[in-house]
Structure formats: C-alpha cells, structure tokens
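Novice: Sharing a structure here in structure tokens format.
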Amino acid sequence: MAGRRAFDEVWGSGDDPAGRPEFAALAQWITETPAAELDRRQKAAEAAFRQLGITFAVYGDEEAAERIIPFDIVPRIFTAREWERLSEGLVQRVEAINAFLADVYGERRILADGVLPAELILANPQFRAMLAGTRPPHGIYAHICGIDLVRTGPDQFWVLEDNARTPSGVSYMLENREAMLRLCPELFEKFPVRPVDGYPDALHETLRSVAPRAASDPVCVILTPGHYNSAFYEHSFLADQIGIELVEAADLEVDDDIVWMKTIDGRVRVDVIYRRIDDDYIDPLVFRPDSLLGVPGLIAAYMAGNVTLVNAPGTGIADDKAIYSYMPEIVRYYSGGEAKLPNVETWRCREPEALRYVLDNLGELVVKLVDGSGGYGMLVGPTATRQQIEDFRAALIAEPHRYIAQPTLALSTVPTLTETGVAPRHVDFRPFVLSGSNGVTITPGGLTRVALKEGSLVVNSSQGGGTKDSLILADMPAEA
Amino acid sequence: MLSRTAASLYWLGRYVERAEFTARLIEATLRLDSLSPRPAGAGAWASALSVAGGEGGFAATGDALSAPNVARFLTLSRDNPSSIRSCLDRARMNAKSVRTALSREAWEAINRAWLGLRDRSTTGGSQATLGLAEAIKAEARGFEGALHRMLRNESNWFIRLGMAIERGDNTARLTDVKYHLLLPEGEKIGGPIDRDQWTTILHTVSAVTAYRWLYRDGLKPWLVAELLIKRAELPRSMAAAADEAVSLLNLLGKRTGLQGEADRLARRRQNAISTASIDTIFAQGLHEYLTAFVAENVRLDQAIARQFRF
C-alpha cells in the first residue's frame, strides 16, 4: 500500500474525475449531500441501533461493556455482473469446503493422493479425530460460511479467510439495510437494489433441510452462550426473525442420545441446533470439561445421528490459517477446475524457505498467528513500529509454525463519512453462504467492514472498525 | 415455551412493576415532605424506606436520613437491590435474555428506561428527582402500552402475572406501613398531617381522583383502607391484583394445560378478599390481615414457579 494509491470502488483508480460510470449516481449523491446532513442521518442510525440494543461486548473493557459498532451512512455498491462472478466463486469454494470436510473425516482420499501433508490435518488441534467416520445428517458440515473477501482492483477479488465455524455479522447486513431504507430512501430510487430480507427464511429452510429424521416439522433452535456473549444480539435477532427458540445450554438435556429442551409443557425433542458456541465449549464430556456453556452428551447425540449441529463440529479444520494456503489445491482437487476466487499469496513460515523470505521482508508483509482471530496477534509491516517488527521477528524465530505471512494488499477504498468530510477508507466484505440438502443459497448482500482510521487496513470491530450497507444491484444502474 | 423464558418474563414483569411503584413512592414522599412542617420531613422518608423494605439497607450505608440521601438510595443506589436502577438492571437483563419473546416496542421501552438511568450519578434536587420519577413512570406506561400490542399469548400473560403479583405485594406493604393512620379508633378527623398522609397513600397508587369518584365523600381513613384492599375498580388495589392473577392463571392454564396449586391459591385469595367486609378486616386486625396477605403472596409466587417448572 505504501506509496501506491488504492482502488476506490466509486472513484476508480483516479484517472477519471467523474469516477466509475456505473456509479455516477452514487458519486453525485455523495458530492451533493452536505456532510452535515450525512452526519445527521448517521447519528440517527446509531441512536436507533443503541435503542434496539444492537451492541457487542468488548472483552476486558469494563467501562463500556456494551458498545455499538460504528455505522457508516455511505453505502458500498456491487454491480450485478460483479456479484454474479463473486457468487460463482463462492459456490465453488463452499462446495469444495464441504467436500474437503467429508473427505478428511471420511476416506481421506486427499491425503492418500498427497495433495497436502497428512500431519497438517491429523496433528492439527482443529481436527477432531474422534469424529472421523461420523457423517453428519445429509453429509453437510459447513452449513453457514462467511467468506471474507478483499478487493484490489476492478476485477481483482481475493479470499482472505474462510469462516466455516460460527461466522457472525449477518444481523448487521439486515439491520444496516433497515437503517438505510429509512434514512436514505432516495438511494433506493436511484438504484435497483436486491433485497436482503429473505435471509432469515433462507436460513430456516437450510436448517429444516438438514434435520436428521423425516419429521414433518423439525424443531430447530439457536443455541447461545447467553446474553453476556459479544454476539448475543445477533443470536436473539435471528431467533426472532426466524421464529424459533433461542436456548441456552441449561435449557437442553440429553437423554439416551436424544436432545430435549425444557419447556413449561415438559420436554420437547430438538432436531436441529444452530449453535453459536465453539466446538471447545459445546460438550464438557468431550471437549473442555470446565465449560459451563455446553450441553453434556450433545456430541454423543450428534454421533448417534439424532441431532444436526449447524455447523457440524470439526469444521475448524477447513478455515484453519495453516490450511488456507492450500485452498487453491483443495478447490482444484474437488471441483476439477481452477479456483474462481483466488487466495492471497501466502508464505507458510513452517517452511524454512518461506520463513527466510518473511524475515527478510517483515516491513512489507502482514504476519498472522495461525490460531489468532479478531485482528489480534497480527503485524501489518508498513504501519508497524520498529519495536513491533522486532518483537514479531523474535516470535517468528521461536515458533515459526504458528505464523503465516501475506503481502500487504492495497485494499480497495469506499467513500466514508469522517470528521473532515467524506474520504476514502479501506474495506473488506463478508457474504454469507448457506448449504443445505436443498442446495447452496447466497443472499445478495453481506457485511462490509470499514477501517475508520485513515490508512488503516484493520477492519475488525474489536479494533475500531465500522460497518456499511452493501448494495447488490439487480441490473445496470439507472441513469443519474 | 422454555421454562427459563417463562421465569424471565415473569420476573421482568415484577421488576418493571417494582421500579414504577418505587418511582410513585418517591413522588408521593416528596409531596408529603414539602407539605410537612419543618423538620418533620425525615418521618416521611423513614416511612418511604419502610414501604420499600429498605430500612436495614439504608442504615448500613451510614448516610444521614435526609431527603436527597433516601431519594438516591431508592433511585440510583447499586447497594439497594430494590432501587429503581437495580430493578431496571434486572428487568433489562431478563428482557435481553428473552428478547425473542418480546416485541421490539416492549424491549425498547425497557432499554430506554435503562439507558435513561445509566449515566445518572445523582438525583439532583427535588425538582430533578420528580423529573426522574416522572420519566420512569412514562417508560413503565410505554411498556404496558407495548404489552397491549403484543401477541396475546403466554409471553404476555407471564409478564402481566409477574406485574399482578408484585402489585398486590406493593399495595399491601404500602397500606401496612401506614396502617396505624388508617385505623378508625382514635381518629382525629381533619388533622392536617393525617390528611396529608392519606393523600400520600392515594398518590402512591394514583387514586386521588378515583377516591372522589367512588366515595363522593371527604377523606375517611377506613374508606381509604377499603379502597386499597377491596375495590377491584382500582387497578392497584389488592382485590384487582388478586382478580388479575386468577384470570391470567386461567388463560395460561387453558393454553398450556397446566393448572394446579397456583390456581387454587389464587382463587382462594380472590374469594377471601371479596367476602371479607372491611369491618371484619378491622375487627381481625388490619396489620395482621395485611401481613397474612403478603405471606400468602409469597406462597402463590412459589406455587407459580413450581407449576410452570421455572
């Protein structure tokens, strides 16, 4: 990024002062709406979010135990053609992820064929060896994936991360749209925007489609760690939108490998659990024995085929950062074609060659902990201090297998309301991909995260990132 | 419905009702205090503490018994489990964990009330305290309004059952603290201080004009007692709370098929209130009668928890 100007999704690469012709109407809207008016609308949206309680908790932050994620009023837009290309790539990628999971927990053909080193899977803490041989109902593992994409040019999209465990953020996709419809209705007159409000129904259909038994009306629930969890709002929001129970571990009990929930009418059998609790905490009998969030016996019920867990336990092996660098090979192996959405070039520091390169170029690279998340344990070379770089150098030399490195991408920017008016800020994009026995469904939308600090590339909400609405157009935008 | 959800909704109702009652109590006490000849105001606040069951807790703070101190203790104190802030904290916690059983409006009313108190560190002068009490009452009204627009189902009934149980308890305790003023013997009709006390009681349950409409008579202490205990037309009377508990349990029973001890206790109580005349109640001893009502209310609360597997 240093020196080079990033691609701006509205203004293009900067050669044409009118911006990208597809978005002339948006450019005009941004230019003509006074910043003070944008600011007023943005404050109104944030006040509404606070009132609704759309908050997240920042761990270890006593004072502001509940915060709202900053919302930016300037939307981001994808054309119909861009979205179509992305969708094809996403379907291919998620189908490959599910095929990969079925394989490594089943026949292990990919290891036998030597596509990736066996110990990378079998010795990986994310690989749940005890589940080898257990096939989830309908053979689907990663029912809900949130694929993080970044962009560096008009046609350059890259997969940064595959979130195949319990990706969050979909409530922002829905709530940001509600806010935009209320506060900027004129934008929706200028652009034919595809709706996102079908997501809850699509999710419900996906959940019902993977029920373990031929019940005519399977009972689906959302399992939350409870209202102290940072994403609790999203859990309750989804349960509410779908119209299913939001349960905590104490509401469930397992009896003879069947899962029941405790209701005022007595016990009700549960068929599908959309769990928002990590594998480690989900069943104290199997994983962490000190977990109070889990349901004892849940994994046994799952292994007996009596309940579907969404996502299935063990999917962490598919989005592991150490596996990520092999995703192009994995996609090719299962789909028979090249990955339509490329990976970001990745150096595996476990390999001595790569480590040497990384150590020589720390100032230009992004270095990530293989088992880190949320923007923690990450070095962004070009913006790091000398001390931070030296700390990472020492850590890399001590435990190279824990790190990967990637080039610092010139992430695309989108005009964003800042204290000094509208200015470009870097963004990423997380669309949500549903896989059920009814096929793969992608709601035309997603979560756009924006790094609000000038020049910053870290979009995580725990690190000062905000969100934007992401508009997917139905076809060519109307003339301005 | 999940048993935990039912319990949270029921307690949500109780906490909202308790917060609102405390706001009314503060409002009425401020009024009594300003009417009382100086320095008799302290008596008004001691009595408010006693109604709210906070005498022990307040004594433990070591603060002097003054209007601002008691007002703060009843409103904002985190040490007082029955302060408005503590009630709203717990109401919101319960509401948050059962968001899916509440309408957006109902949740927003609770959240707004909570946000309104979150950053308050002092109650300010009596004018500001009155403003605060008024705001809490308005939010509680907003919440009840939202309840009326919610689906008429178990969620709604559990919240209202919690409110009815809490309301009966509050009115009984309010009446009990002032019972010596309400006894017909040794009356000093027209003594200005007593009149102010009776009006304070009526203010606390929003019944000043109701009294005039129902009795068309000057303030008579035994009529005030009758109004608070027996007149089901007054929404905050013990009789109204008892009626409401019976009918809500009835609705819940029809929907869930769960009927039992709670229904029996509630019907027995309703029956006892409607058959006993105010004279018999005075003859038995008003204080004893009210204490028995509060104890019966606790038994009913426990029976509800058992019946619905809380």
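So the protein lines, in turn, are chains A and B.
Throughout, this note's numbering is defined as the position within the first sequence, counted from one, plus 908.
Throughout, this note's numbering is defined as the position within the second sequence, counted from one, plus 3.
We put the CB at the ideal spot given by N, CA and C, even for glycine.
Would you say N159 of chain B faces chain A, with C-beta separation under 9 Å as the test?
Specialist: N159 of chain B does not count as touching chain A.
Novice: Per DSSP, which one or two residues make a beta bridge with P1332 of chain A?
Specialist: DSSP, once it has assigned bridges, lists A:P1323 as partnering P1332 of chain A.
Novice: The segment 1162-1181 of chain A: which residues have C-beta closer than 7 Å to a C-beta of chain B, in chain order?
Specialist: From the segment 1162-1181 of chain A, only M1169, K1170, T1171, I1172, D1173 have a Cβ closer than 7 Å to chain B.
Novice: Take the Cβ of E1069 of chain A as the centre, count every other Cβ of all protein chains shown within 10 Å, and call the residue buried at 16 or more, exposed below.
Specialist: Result: buried.
Novice: Under the three-state reduction of DSSP, which class applies to L12 of chain B: helix, strand or coil?
Specialist: L12 of chain B falls in the helix class under three-state DSSP.
Novice: What is the residue span of the alpha helix (DSSP H) that P1093 of chain A lies within?
Specialist: First-last of the alpha helix (DSSP H) with P1093 of chain A: 1093-1098.
Novice: Which residue wins for smallest C-alpha separation from L1154 of chain A, given the options B:A70, B:N97, B:V101?
Specialist: Selected option, being the one with the closest Cα: B:V101.
Novice: When you compare only the Cα positions, how much space is there between V1288 of chain A and L1273 of chain A?
Specialist: About 6 Å.
Novice: Within a Cβ cutoff of 6 Å, which residues of the same chain sit near S240 of chain B, ignoring the five residues on either side of it in sequence?
Specialist: Cβ within range, chain order: L231, R234.
Novice: Taking only the alpha-carbon atoms, compute the straight-line gap between F979 of chain A and P1103 of chain A and give it to the nearest angstrom.
Specialist: Between F979 of chain A and P1103 of chain A, the C-alpha separation is close to 19 Å.
Novice: If we count the other Cβ atoms within 10 Å of its Cβ and call it buried at 16 or more, is K99 of chain B buried or exposed?
Specialist: Counting Cβ neighbours within 10 Å, K99 of chain B comes out buried, since at least 16 surround it.
Novice: Against chain A, with Cβ distances strictly below 9 Å, would S6 of chain B count as a contact?
Specialist: Closer than 9 Å to some Cβ of chain A, the Cβ of S6 of chain B qualifies, so yes.
Novice: Tell me whether T2 of chain B is buried or exposed, calling it buried when 16 or more other Cβ atoms sit within 10 Å of its Cβ.
Specialist: The requested residue 2 of chain B does not occur in the structure, where chain B is confined to residues 4 to 313.
Novice: Where does F296 of chain B fall in DSSP's three states?
Specialist: DSSP places F296 of chain B in helix when its eight states are reduced to three.
Novice: Among the candidates A:V1067, A:L1019, A:C1092, whose CA atom is the shortest distance from the CA of A952 of chain A?
Specialist: The shortest C-alpha separation from A952 of chain A is found at A:C1092.
Novice: If we call anything under 9 Å between Cβ atoms a contact, is R1001 of chain A one with A1247 of chain A?
Specialist: Yes; because the gap between Cβ atoms is below 9 Å, this pair is in contact.
Novice: So, does the segment 1113-1131 of chain A touch the segment 1170-1181 of chain A, judging by three or more C-beta pairs under 8 Å?
Specialist: Flag = yes, the segment 1113-1131 of chain A and the segment 1170-1181 of chain A touch.
Novice: From the DSSP output, in three-state form, read off Y1182 of chain A for me.
Specialist: Here Y1182 of chain A sits in strand by DSSP.
Novice: Give me the residue from B:R271, B:D179, B:P224 with the minimum Cα distance to R198 of chain B.
Specialist: Closest by alpha carbon: B:P224.
Novice: When you compare the CB of L314 of chain B with every CB in chain A, is at least one pair closer than 9 Å?
Specialist: Within the shown structure, residues of chain B are numbered from 4 to 313, placing residue 314 of chain B beyond reach of any answer.
Novice: Give me the subset of the segment 131-155 of chain B whose CB atoms are less than 9 Å from a CB atom of chain D, sorted by chain position.
Specialist: Reference to chain D is not applicable here, since the protein chains of this structure are A and B.
Novice: Does the CB of H1112 of chain A have a neighbour CB from chain B at under 9 Å?
Specialist: For H1112 of chain A, the answer is no, since every Cβ of chain B falls outside 9 Å of its Cβ.
Novice: At 7 Å on the CB atoms, spell out the chain B contacts of D1159 of chain A, in chain order.
Specialist: Correct list: L5, R7.
Novice: Mark E1094 of chain A as exposed unless 16 or more other C-beta atoms lie within 10 angstroms of its C-beta, in which case mark it buried.
Specialist: E1094 of chain A should be labelled exposed.
Novice: Quick check: the Cα distance between V1206 of chain A and L1024 of chain A, rounded to an integer number of angstroms?
Specialist: In the sequence under discussion, the amino acid at residue 1206 of chain A is Leu, which differs from the Val named in the question. So the two alpha carbons sit approximately 32 Å from each other.
Novice: Could you round the C-beta distance between P1075 of chain A and F1340 of chain A to whole angstroms and report it? I think they count as a contact, below 8 Å.
Specialist: That belief holds up - the Cβ atoms of P1075 of chain A and F1340 of chain A are roughly 7 Å apart, short of 8 Å.
Novice: Buried or exposed: E971 of chain A, going by 16 or more other Cβ atoms within 10 Å of its Cβ?
Specialist: Low per-residue confidence applies at E971 of chain A: pLDDT is 43, beneath 50, and the placement is therefore not dependable, though the value from the model is reported in the following sentence. Exposed is the call here.
Novice: Does DSSP put A914 of chain A in a helix, a strand or coil?
Specialist: Note: A914 of chain A maps to coil in three-state DSSP.
Novice: DSSP on I1048 of chain A, reduced to helix/strand/coil?
Specialist: If DSSP states are grouped into helix, strand and coil, I1048 of chain A belongs with coil.
Novice: Is the segment 985-998 of chain A touching the segment 1366-1384 of chain A in the sense that three or more CB pairs, one from each, lie closer than 8 Å?
Specialist: Touching, per the Cβ criterion.
Novice: List, in chain order, every chain A residue whose beta-carbon is nearer than 9 Å to that of L261 of chain B.
Specialist: What L261 of chain B touches in chain A: I1172, D1173.
Novice: In chain A, which residues lie with their C-beta within 9 Å of the C-beta of K99 of chain B?
Specialist: Near K99 of chain B (Cβ distances below 9 Å), the residues of chain A are G961, H1135, F1140, Y1141, S1144.
Novice: Note down, in chain order, each residue of its chain lying with its Cβ closer than 6 Å to the Cβ of A45 of chain B, except the 5 sequence neighbours on either side.
Specialist: Excluding positions up to five away in sequence, the list reads L68.
Novice: For R102 of chain B, which residues in chain A fall below 7 Å Cβ to Cβ?
Specialist: What R102 of chain B touches in chain A: S1144, D1148.
Novice: If you drop the 5 nearest sequence neighbours on each side, which residues of the same chain put their C-beta closer than 8 Å to that of E299 of chain B?
Specialist: Counting only Cβ-Cβ distances below 8 Å, and skipping sequence neighbours, we find L268, R272.
Novice: Could you tell me the distance, in whole angstroms, from the CA atom of A10 of chain B to the CA atom of T103 of chain B?
Specialist: In a straight line, the C-alpha of A10 of chain B is about 14 Å away from that of T103 of chain B.
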